[in-house]
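Here's the structure, in structure tokens; my notes come after.
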Amino acid sequence: MAVPKKRTSMLKKNIRKNVWKNRVYRASLKAFSLAKSISTGNSKSFLCNKEVIK
Numbered sequence: 078m079a080v081p082k083k084r085t086s087m088l089k090k091n092i093r094k095n096v097w098k099n100r101v102y103r104a105s106l107k108a109f110s111l112a113k114s115i116s117t118g119n120s121k122s123f124l125c126n127k128e129v130i131k
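Be aware that the sequence shown starts at 78, since it is given in the working numbering, and climbs by one per residue.
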């Protein structure tokens, strides 16, 4: 017979949610930084055609 699982505490739920939010935040900062370096032309790690940007 199926038995219901114990309820997850608010603390655990919030910790898991914050881990996910921090991961997303760091990824967005990295993407924004890359876009900024491409737009200024200072990018060293990303190769792109400069004629397309202008």
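We put the CB at the ideal spot given by N, CA and C, even for glycine.
For Lys83, the three-state DSSP class (helix, strand or coil): coil
Residues near Ser114 in its chain [Cβ-Cβ closer than 6 Å; skip 5 each side]: Ser120
Per-residue DSSP class, three states only, for Ser122: coil
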